[in-house]
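Below is one structure, written out as structure tokens; the observations come after it.
Numbering (my numbering), first residue to last: 4 to 171.
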């Protein structure tokens, strides 16, 4: 019997998580957008490793991620990458509490990025990202303290509003 693809278990791990106990309508709209966006990039990257590139699952992921490119330019969403770097400079303690995927992807000093919608940690490496990385970043996004911080009047949301008022 063939061994199960280790990235299928990563996807199962992501899909077993839930925001059911959260009132997502109370989340800061921009932070919520980037939370869901991160889930989509995690799903897409693990999905490319688990299934062939042309699978319906991966095609659907590509279509969503293609749509979100225009969506991230709307309103205060476009300020999010700058906000992450502002946190690094002005509130390093809060920056260090962010999910590591946000730290890596949006920190201008980190080589990690989204490339062809995939999470790429080291642009010079051809190796797949290890499954343990995915488990760790998934857990970070579901940490109760992080989720509490993205409610509209909570700490991270308040800092985001402060940043937006300074750069508008």
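Quick reminder that beta carbons are idealized off the backbone N, C-alpha and C, glycines included.
Query	Result
Assign residue 40 to one of two classes, buried (16 or more other C-beta atoms within 10 Å of its C-beta) or exposed (fewer than that).	buried
So which of 8, 32 and 147 has the shortest CA-CA distance to residue 50?	8
Where does residue 116 fall in DSSP's three states?	strand
At 4 residues or longer, and completely inside the stretch 35-117: list those alpha helix (DSSP H) runs for me, N to C.	59-74, 83-93, 95-100 and 103-109
Take residue 16 as the anchor and find which of 151, 134 and 35 has the nearest alpha-carbon.	134
Quick one: using the 10 Å Cβ neighbour count with 16 as the cut-off for buried, is residue 170 buried or exposed?	exposed
Would you grab the beta carbon distance between residue 29 and residue 46 for me? Rounded to a whole angstrom, and I think it's under 8 Å.	In fact, because the Cβ distance is near 24 Å, the residues do not count as touching under 8 Å.
Considering residue 122, what are the terminal residues of the alpha helix (DSSP H) in which it resides?	No alpha helix (DSSP H) contains residue 122, which is instead part of the beta strand (DSSP E) from 121-123.
Do residue 166 and residue 86 have their CB atoms nearer than 7 Å?	yes
Would a check of beta-carbon distances place residue 72 closer than 7 Å to chain C?	Reference to chain C is not applicable here, since this structure consists of a single protein chain.
Below 8 Å, can you find three or more Cβ-Cβ pairs linking the stretch 72-81 to the stretch 52-59?	no
Between which residues of its own chain and residue 121 is the CB-CB distance below 8 Å, once the five residues before and five after are set aside?	44, 47, 48 and 51
Using the Cα positions of residue 36 and residue 105, report the straight-line distance between them to the nearest angstrom.	13 Å
Enumerate in chain order the residues of its own chain whose CB-to-CB distance from residue 126 is below 6 Å, with the five nearest sequence positions on each side excluded.	114
Can you have a look at residue 140 and say buried or exposed, based on whether 16 or more other CB atoms are within 10 angstroms of its CB?	buried
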